[in-house]
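Visitor: Per the numbering used here: the sequence shown = residues 3 to 44. The beta carbon of each residue, even a glycine, is placed where N, CA and C say it ideally should be. All figures in this text were calculated on a predicted structure; none of them were measured in a lab.
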Amino acid sequence: MIRPRTKPLGKLPTSIPGLDSILAGGIPELSINIITGPPGSG
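1. For I29, which of helix, strand or coil comes out of DSSP?
2. Just how far apart, CA to CA, sit I4 and N35?
3. Consult DSSP for L11 and reduce its assignment to one of helix, strand or coil.
4. Taking the CB atoms as reference points, tell me whether G27 and P15 lie closer together than 8 Å.
5. Check G44 in the structure and name its three-state DSSP category.
Printed below as a string of structure tokens:
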């Protein structure tokens with residue numbers, strides 16, 4: 003049986019201050035993310 007989550011998910015910091023600021027502390031735990039950019043950006 004699936005039970006509703008009773009506590010909020012944590013955040014995983016990216017160690018990139020500007021990105022963590024935009025994401026309000028980091029990437030949400032248990033989330034699926036696709037991060038893209040032009041060639042050479044990574």
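Guide: Once the coordinates are examined:
1. Three-state DSSP puts I29 in a strand.
2. Taking the straight line from one Cα to the other gives about 23 Å.
3. Correct three-state label for L11: coil.
4. For the pair G27 and P15, the CB atoms are nearer than the 8 Å cut-off.
5. The DSSP-derived three-state label of G44 is coil.
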